[in-house]
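Residue numbers (our numbering): 2 to 132.
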């Protein structure tokens with residue numbers, strides 16, 4: 002992938018943030034909905050309409066609850082990936098969207114806060130058109 006190429010998903014680095022468990026799976030109109038129970042430290046970076054990688058497969062998040070998130074997998078994606086073999090109780094690798102981690106760090110909430118702090122805060126982001 003070159004920087005000039007179209008990005009048809011989200012950035013997936015291959016780093017695993019946690020292991021989640023398939024809580025339930027069911028057919029819903031033209032897709033299969035899959036809900037994954039996820040540890041809270043990773044779930045904090047998963048947002049509705051955001052992106053997540055499940056076993057390396059980039060998907061859009063449909064909903065987030067206190068302990069899980071769900072995705073809707075269209076038939077083509079289901080057939081072409083390992084998700085077709087995923088059954089309730091199965092464990093999958095989760096990679097959250099890296100952008101959330103960068104935002105957290107820039108706003109000073111990250112565990113690796115740089116010495117001297119950051120001049121980027123919510124006011125700065127709003128003034129510069131990011132919010």
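Virtual Cβ for every residue (Gly too), placed ideally from N, Cα, C.
What you are looking at is a predicted structure, and each value in this text was computed from that prediction instead of being measured.
Item	Value
Where residue 83 falls, given that 16 or more other Cβ within 10 Å makes a residue buried	exposed
contact_flag[the region 15–24, the region 37–56] where n(CB pairs < 8 Å) is 3 or more	yes
Through-space distance from residue 67 to residue 122, alpha-carbon basis	27 Å
Separation of residue 34 from residue 24, as counted between CA atoms	11 Å
Residues that residue 94 bridges to, as DSSP identifies them	20
Residues near residue 99 in its chain [Cβ-Cβ closer than 7 Å; skip 5 each side]	12 and 14
Residue 47 - containing alpha helix (DSSP H), residue span	Run containing residue 47: none; DSSP gives neither H nor E here.
Environment of residue 95 [buried if 16+ CB atoms lie within 10 Å]	buried
Spatial distance of residue 90 from residue 69 (CA atoms)	13 Å
Endpoints, the beta strand (DSSP E) within which residue 172 is located	It is not possible to answer for residue 172, since the shown part of the chain is limited to 2 through 132.
Straight-line gap, residue 50 to residue 3 (C-alpha atoms, nearest Å)	25 Å
With 16 other Cβ atoms within 10 Å as the buried cut-off, status of residue 44	buried
Beta carbon of residue 39 nearer than 7 Å to that of residue 21	yes
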